[in-house]
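Peer 1: Counting along the sequence shown from 1, when you hit position 27 you're at 728 in the numbering used here, and nothing is skipped either side. Ideal placement from N, C-alpha and C gives every residue a C-beta, glycine not left out. Remember, predicted model here, so these are calculated numbers, not experimental data. Here it is, the structure, as structure tokens.
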Amino acid sequence: RRNEFLTNLKQELETLLKNDGVEIQITGIMLLYNNMLQSLFSSQFDTLVFVILVIFVLFIIIFRSLKFSIIALLVNIIPLSMVFALMGILGIPLDMMSITIAAIAIGIGVDDTIHYIY
């Protein structure tokens with residue numbers, strides 16, 4: 702929503718001031734916060750994919766079974782997906798605090814999965 706607001710604001714200002722030869726640059730804390738969140742979201746996704754792959758390899762090493770490794774990975778991915786889906790359904794925005802839910806859930810889930818299966 703912040704990104705959409707900033708884009709619309711810049712377009713409106715450019716429309717209003719286009720004949721004056723003025724160049725519009727939006728600055729301030731809201732823009733910095735928005736840019737920080739955008740880079741955090743993209744890096745969080747890349748990190749989650751990498752972590753899931755590494756955890757899968759570690760599960761294969763620990764359990765020595767592809768079947769148990771796949772089950773253990775699904776047990777960790779499904780709740781994480783459900784949390785993000787519920788956040789989307791309820792309209793809870795991803796921000797600096799809620800984006801860390803994935804890391805916490807994976808940390809707790811992997812530890813408990815190893816204890817339960819092994």
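Starting from the C-beta of THR814, find all residues in its chain whose C-beta is less than 7 Å away, skip the five residues before and the five after it, and write them out in chain order.
Peer 2: Here the set comprises ALA773, VAL776 and ASN777.
Peer 1: From the DSSP output, in three-state form, read off ILE725 for me.
Peer 2: Three-state result, ILE725: coil.
Peer 1: Roughly how many angstroms separate the alpha carbons of SER770 and ILE790, rounded to a whole number?
Peer 2: If you take the alpha carbons of SER770 and ILE790, they lie about 30 Å apart.
Peer 1: Cα separation between ASN720 and GLN739?
Peer 2: The straight-line gap from Cα to Cα measures roughly 32 Å.
Peer 1: In three-state terms, what does DSSP make of ASP747?
Peer 2: ASP747: helix per DSSP, three-state reduction.
Peer 1: Buried or exposed, going by whether 16 or more other CB atoms sit within 10 Å of the CB of ILE756?
Peer 2: Flag for ILE756 reads buried.
Peer 1: Among the candidates THR708, ALA803, PRO794 and VAL811, whose CA atom is the shortest distance from the CA of ASP747?
Peer 2: The candidate whose alpha carbon is nearest that of ASP747 is ALA803.
Peer 1: Buried or exposed for PHE760, please, with buried defined as at least 16 other CB atoms from any protein chain shown within 10 angstroms of its CB.
Peer 2: The residue is buried, with at least 16 neighbouring Cβ atoms inside 10 Å.
Peer 1: Where do the N-terminal and C-terminal ends of the alpha helix (DSSP H) with GLY789 fall, by residue?
Peer 2: Here the alpha helix (DSSP H) through GLY789 covers 767-791.
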